[in-house]
Amino acid sequence: MEIDQIYVMSQVFTVLMYALLGITYQVKSRRKILILSIFSNAFQGIAYLLLNAKSGFIMCILAILRDIFMMVISDKIKDEKTSKRAYLSVIIIFYFAMIISARFTYEGMLSMLSILATAIYTYSIWQKNEKIYKALGTPVGICWIAYNIFVKSIFGVILESIILICS
27 MEIDQIYVMS QVFTVLMYAL LGITYQVKSR RKILILSIFS NAFQGIAYLL LNAKSGFIMC
87 ILAILRDIFM MVISDKIKDE KTSKRAYLSV IIIFYFAMII SARFTYEGML SMLSILATAI
147 YTYSIWQKNE KIYKALGTPV GICWIAYNIF VKSIFGVILE SIILICS
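Shown next, in the form of structure tokens:
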């Protein structure tokens with residue numbers, strides 16, 4: 027692993043991402059969690075792009091789109107039954123997109139951990155229960171730690187481990 031300017035920049039974006047992610051575990055509002063998630067995924071997407079971590083980058087893009095769709099559904103659809111169907115439709119569409127992206131970004135089994143983490147996280151934010159969100163943070167964190175080891179993101183491993191321990 028070469029520590030050059032690009033690698034250092036990737037780690038700066040990783041630190042920014044984890045600062046925002048850490049805040050999501052303290053926030054009670056689902057909308058605020060989604061907004062913070064959009065920004066944290068943008069920072070992490072840039073970091074993964076700089077690390078040439080294809081599946082992580084694509085998962086960040088999908089996560090941003092997912093969070094935007096979920097916010098729109100929350101804002102526009104007030105009927106509980108209709109919103110549940112809309113959320114479920116979004117989740118199914120994004121799960122298919124994750125599976126398709128796996129075909130194009132596969133670089134060994136460890137590269138699939140970003141997809142697994144994103145799939146679990148997608149389910150956790152679909153629930154309107156902060157306890158489920160926080161409980162599923164453990165398997166999500168473990169997947170991201172392993173993926174960050176795979177893509178050699180030192181700060182990704184360290185900061186994800188800290189968040190996992192603290193949550």
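Under my numbering, the first residue of the sequence shown is numbered 27, with each subsequent residue one higher. By construction, the Cβ of each residue, glycine as well, lies at the ideal position given by its N, Cα and C atoms.
In the same chain as residue 79, and ignoring 5 residues on each side of it, the C-beta atoms closer than 7 Å to its own belong to 177, in chain order. Membership of residue 109 in the alpha helix (DSSP H) is indicated by the continuous run 106-131.
In this structure, the alpha-carbon of residue 139 lies about 20 Å from that of residue 152. In this structure, the straight-line span from the alpha carbon of residue 31 to that of residue 75 is close to 14 Å. When the alpha-carbon of residue 55 is set against those of 100, 88, 72, 83, the nearest one is in 100. Between the C-alpha atoms of residue 181 and residue 105 there is a straight-line separation of about 42 Å. Contact between residue 187 and residue 127 is absent: CB atoms are separated by about 26 Å, not below the 8 Å threshold. Secondary structure at residue 78: coil, using DSSP grouped into helix, strand and coil. Linking residue 71 to residue 193 through their CA atoms gives a straight-line distance of about 23 Å.
With distances taken between CA atoms, residue 154 lies nearest to 96 out of 96, 120, 123. Using a Cβ distance threshold of 9 Å, residue 60 and residue 46 do not count as a contacting pair. The C-alpha of residue 89 lies about 14 Å from the C-alpha of residue 125. Around the Cβ of residue 73, a 10 Å sphere holds 16 or more other Cβ atoms; the residue is buried.
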